[in-house]
Every structure is written in structure tokens, then in C-alpha cells.
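In this note's numbering, the protein residues as written are 150 to 260.
Beta carbons are placed, not taken as given, at the ideal position from N, Cα and C, and that holds for glycine.
Take a look at the structure set out below.
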Amino acid sequence: MIVKKEGNTISEIKLPLTLQVYLTDTGKRNKALSENKLDTIEKMLSDELNKQALVTIQTLQKANCDFLGLAREIHGYHYKEWNQMNWREEYPKLNIRPEIKLKILNSGVML
Numbered sequence: 150m151i152v153k154k155e156g157n158t159i160s161e162i163k164l165p166l167t168l169q170v171y172l173t174d175t176g177k178r179n180k181a182l183s184e185n186k187l188d189t190i191e192k193m194l195s196d197e198l199n200k201q202a203l204v205t206i207q208t209l210q211k212a213n214c215d216f217l218g219l220a221r222e223i224h225g226y227h228y229k230e231w232n233q234m235n236w237r238e239e240y241p242k243l244n245i246r247p248e249i250k251l252k253i254l255n256s257g258v259m260l
């Protein structure tokens with residue numbers, strides 16, 4: 150978690166996540182995908198995962214549910230800022246952004 154601060158207040162929370170995945174099936178071609186095609190797929194999947202994660206985070210914030218345990222993390226590592234805020238009131242308004250990056254580790258051909 151990366152906490153961006155402005156003075157003694159928290160202005161943004163970034164949630165970086167890197168996923169390393171293996172392709173198990175690329176269709177009937179039975180051919181390795183090009184590096185360019187893999188990059189396109191990685192970007193497309195990363196964008197979709199980020200959209201879904203953002204919707205989930207916004208839903209949690211509307212319900213004032215800290216399922217991800219951000220309060221505990223901020224209390225433990227950013228106590229000065231934590232002490233200045235009312236978590237129950239400010240959590241639903243915080244700018245929380247997922248930063249998911251997906252990396253495909255193979256080209257799709259399984260031997």
C-alpha cells in the first residue's frame with residue numbers, strides 16, 4: 150500500500166498488485182503468441198482487473214466496510230495521519246486506487 154499525503158492528511162491510497170500468470174490455452178492455433186500480442190493481452194487484462202477492483206473498492210466504501218484492512222495498515226504505519234482523522238467519516242470519501250499489473254510468463258504453448 151502506498152499512502153500519498155498532503156500535510157497531515159491522507160489524499161490518496163494506492164494498492165499495487167502484480168500478478169504473474171501462465172497461459173494454459175490459446176485456442177486451436179497451437180502456436181506461441183508474439184511478444185506484441187502478449188503485451189496487448191497483459192494490458193487488456195490489467196485494465197479489466199483494475200476496473201473490477203475499483204468497482205469493488207467503491208462498493209466497500211459505500212457500505213463503510215474496510216474489508217481490506219486499510220485502517221489497520223494506516224494506524225500501524227502512518228499513525229500521525231491516523232490520529233488526525235475520523236476513519237468512519239473519511240474512509241468512504243478516500244481516493245483509493247488499485248494498480249494491478251498482470252505479467253504473462255509464457256507464450257501459451259504447453260509442451
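Work out the CA separation of A212 and T158 for me, nearest whole Å. In the sequence shown, the residue the question calls residue 158 occupies position 9. In the sequence shown, the residue the question calls residue 212 occupies position 63. Using only the alpha carbons, I get a separation of about 22 Å.
Buried/exposed call for L254, threshold 16 Cβ in 10 Å: Taking the sequence shown and counting its residues from 1, the one referred to as residue 254 is at position 105. Exposed: under 16 other Cβ atoms inside 10 Å.
Residue closest to L164, alpha-carbon to alpha-carbon, out of L198, Q233 and I190: The residue you call residue 164 lines up with position 15 of the sequence shown. Nearest C-alpha to L164: L198.
Across which residues does DSSP place E155 in a beta bridge pair? In the sequence shown, the residue the question calls residue 155 occupies position 6. Paired residue(s): T158.
State the DSSP-derived secondary structure class of L166, mapped to helix, strand or coil. Working through the sequence shown from its first residue, we reach residue 166 at position 17. The answer is strand: DSSP assigns L166 an E or B state.
Sequence-distant residues of the same chain with beta carbon closer than 6 Å to Q233, five excluded per side: Position 84 of the sequence shown holds residue 233. Excluding residues within five positions, the ones whose Cβ falls inside 6 Å are N157.
For L203, the three-state DSSP class (helix, strand or coil): As a position in the sequence shown, residue 203 is number 54, starting the count at 1. Reduced to three states, the DSSP call for L203 is helix.
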